[in-house]
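Shown next, in structure tokens, is the structure this report addresses.
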Amino acid sequence: MKNRRKLRHIRTVLLSLTTVGLFCLCVWLFYQGLFEQDGAAPLPVSEPSSRPTLEISSAEPPFSIASSNASQGGADASLGEPIPMASSAAPESALAVSESAAVSSEPAAVSSAPASAAPPAPASEAPAAPSAPAAPASSAAPTTSLPEIPADDPYPDLYVARPEFIPHQDGDKVVYLTFDDGPSNLTIPLLDVLDKYGVKATFFVVGKTSEEDKEALRQTAERGHTLAVHSYTHEYKQIYASPRAFLDDFAREYALIKETTGVSPTIYRCAGGSVNSYNRDTARSIAEEMNRRGYIYYDWNVDSGDAVPGTTAEGIYQNVISQTSRYDKAVVLMHNSAAKKDTLAQLPRIIEKLQAMGYRFAALDNTVAPINFRLP
Ligand code: ZN
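If you read the sequence shown in this note's numbering, its first letter stands for residue -1, the second for the next number, and so on.
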């Protein structure tokens, strides 16, 4: 009898303990749930700030460009020289992106190490929304005067007054589609696609001189896109030998564009991107010399991968959509050489998707603060 009572007592105690334990577990789970929800919120906020560097490190512009050259065809086939990355420098360290969101009267600051070491600057001001700049540059009022031109300057005409950058407005989702290495037989079909959607884009062009190519240049300008200098020769060893060598090549392409279309380009993109293994010693001095003359260069923060060997048509589409979705201001690297049929074929899908995601499209001009890699 005594034993049975004792047993019942123990059972009651055990039951009570279990009940209390279960209650505690429920309370713990409840609070755990709350904390998880609270903890989840900051994630999306903290992610983008760490993404630009990751993104660009995977973009590997030098490799992309190397393959783009190989596919230029015709006279450009000789340009198909791969750019091996310098083994000493990790690409990601060199390719941090900087966006000069702040209006600066000194664009060198855009590409200087201190400015670019920081994550993209938050848009501080909320000025009037930037208008979609369709016309090839020079429409905004110049706010910088030309520097004094040395008497022995080999290119006294290669100076341009540069307007202030129009700050990117917070929440303005804008995509700058850029096409390198044209013109080609695919340029006019590409222009037709852009026209169909009312999209303006930027063409960084090379030294192609056939009548067909010149006609493509003319139509690019006439249809309201920005014509900009890429390179005449696209020969890395040659153009990155010195600031003078770079300027010689720039001047040749500049003259071709101007004589063919009447447009005087004010912006450019370096062959292989502003930082590559051929210009470790000259990238900064080249940028400074071109900046002194008032010309602005643009790298990119979205790489379509269309110059990366093995990228499928679907891959091009996915690259552009997934990378662009991380930015409010996206500069998209694509190519328009004769081999880039997949890029052309994917363009309607890409435009439609980005429009559905709330982006507008605009052409670059020198009022748009550039997105640049960090100079060595
Ligand atoms: Zn190129």
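A virtual CB, placed ideally from N, CA and C, is assigned to each residue, including glycine.
Here the structure is a predicted model, which is why all the values come from computation and not from measurement.
Suppose you measure from the CA of residue i to the CA of residue j; what does that come to, to the nearest Å?
i, j, result
"His228", "Asp179", "7 Å"
"Ala130", "Glu251", "Reliability fails at Ala130, whose pLDDT of 38 lies under 50, so the model's placement of it is uncertain and the value that follows must be treated cautiously. Taking the straight line from one Cα to the other gives about 26 Å."
"Lys338", "Ala214", "16 Å"
"Asp168", "Asp150", "45 Å"
"Ser143", "Tyr238", "28 Å"
"Arg242", "Glu162", "27 Å"
"Val261", "Ile255", "7 Å"
"Ala219", "Ile164", "22 Å"
"Tyr357", "Arg347", "14 Å"
"Leu373", "Ser335", "27 Å"
"Ala199", "Thr224", "6 Å"
"Leu156", "Gly308", "40 Å"
"Gly303", "Val318", "8 Å"
"Phe359", "Asn183", "24 Å"
"Phe244", "Leu189", "29 Å"
"Thr322", "Val197", "16 Å"
"Arg160", "Arg278", "27 Å"
"Val366", "Thr176", "13 Å"
"Ala285", "Glu257", "25 Å"
"Asp193", "Ile186", "10 Å"
"Thr280", "Ser240", "6 Å"
"Asp326", "Val300", "12 Å"
"Ala107", "Glu287", "Low local confidence applies: a pLDDT of 32 at Ala107 is under 50, so the model's placement there is unreliable, and no value is given."
"Glu350", "Glu209", "33 Å"
"Val101", "Asn370", "Any answer about Val101 is weak, because its pLDDT of 30 lies below 50 and its placement is not dependable; what the coordinates show is given next. When rounded, the distance between both Cα atoms is 15 Å."
"Asn364", "Phe201", "14 Å"
"Leu222", "Thr259", "Looking at the sequence itself, residue 222 is Gly, so the reference to Leu does not match. Going by the C-alpha atoms only, they are around 12 Å apart."
"Ala253", "Val158", "14 Å"
"Ser320", "Cys268", "25 Å"
"His166", "Ala328", "11 Å"
"Asn282", "Asp247", "Per the sequence presented here, residue 282 reads as Arg, with Asn not at that position. If you take the alpha carbons of Arg282 and Asp247, they lie about 17 Å apart."
"Met332", "Asp297", "12 Å"
"Gln217", "Asp211", "10 Å"
"Ala311", "Asp340", "5 Å"
"Gln236", "Gly270", "13 Å"
"Tyr195", "Pro148", "46 Å"
"Thr207", "Met355", "39 Å"
Could you have a look at residue i and say whether DSSP puts it in helix, strand or coil?
i, result
"Met288", "helix"
"Ser320", "helix"
"His359", "A small correction: the amino acid at residue 359 is Phe; His does not occupy that position in the sequence shown. Of the three classes helix, strand and coil, the one that applies to Phe359 here is strand, per DSSP."
"Thr218", "helix"
"Thr365", "coil"
"Ile164", "coil"
"Thr259", "helix"
"Leu156", "coil"
"Gly180", "strand"
"Ala138", "In this prediction, Ala138 scores a pLDDT of 48, lower than 50, which makes its location untrustworthy; no coordinate-derived value is stated."
"Asp301", "strand"
"Tyr295", "strand"
"Tyr174", "strand"
"Tyr276", "coil"
"Arg9", "helix"
What residue range does the beta strand (DSSP E) around residue i cover?
i, result
"Asn370", "369 to 371"
"Lys327", "327 to 333"
"Ala149", "Looking at the DSSP string, Ala149 is not in any beta strand (DSSP E), and its letter there is neither H nor E."
"Thr341", "It is not in any beta strand (DSSP E) - Thr341 instead sits in the alpha helix (DSSP H) that spans 339 to 354."
"His228", "224 to 229"
"Val203", "200 to 204"
Terminal residues of the continuous alpha helix (DSSP H) containing residue i?
i, result
"Val191", "185 to 195"
"Tyr238", "Taken as a continuous stretch (DSSP letters only), Tyr238 belongs to no alpha helix (DSSP H), as it is neither H nor E."
Assuming residue i and residue j make a contact with CB atoms under 8 Å, what is their CB distance in whole Å?
i, j, result
"Tyr266", "Tyr293", "6 Å"
"Ser272", "Tyr295", "6 Å"
"Tyr379", "Leu362", "What is shown of the chain runs -1 to 374, which leaves residue 379 out entirely."
"Pro145", "Arg290", "6 Å"
"His232", "Val204", "5 Å"
"Pro263", "Ala226", "5 Å"
"Ile314", "Gln344", "5 Å"
"Tyr153", "Ala249", "5 Å"
"Val191", "Leu342", "7 Å"
Under 7 Å from any heavy atom of the ligand NAD, does the C-beta of residue i make it?
i, result
"His166", "Although the ligand NAD was asked about, the structure shown includes only the ligand ZN as ligands."
Does any residue of chain D have a CB that is nearer than 8 Å to the CB of residue i?
i, result
"Ala214", "The chain inventory of the structure shown lacks chain D, comprising one protein chain alone."
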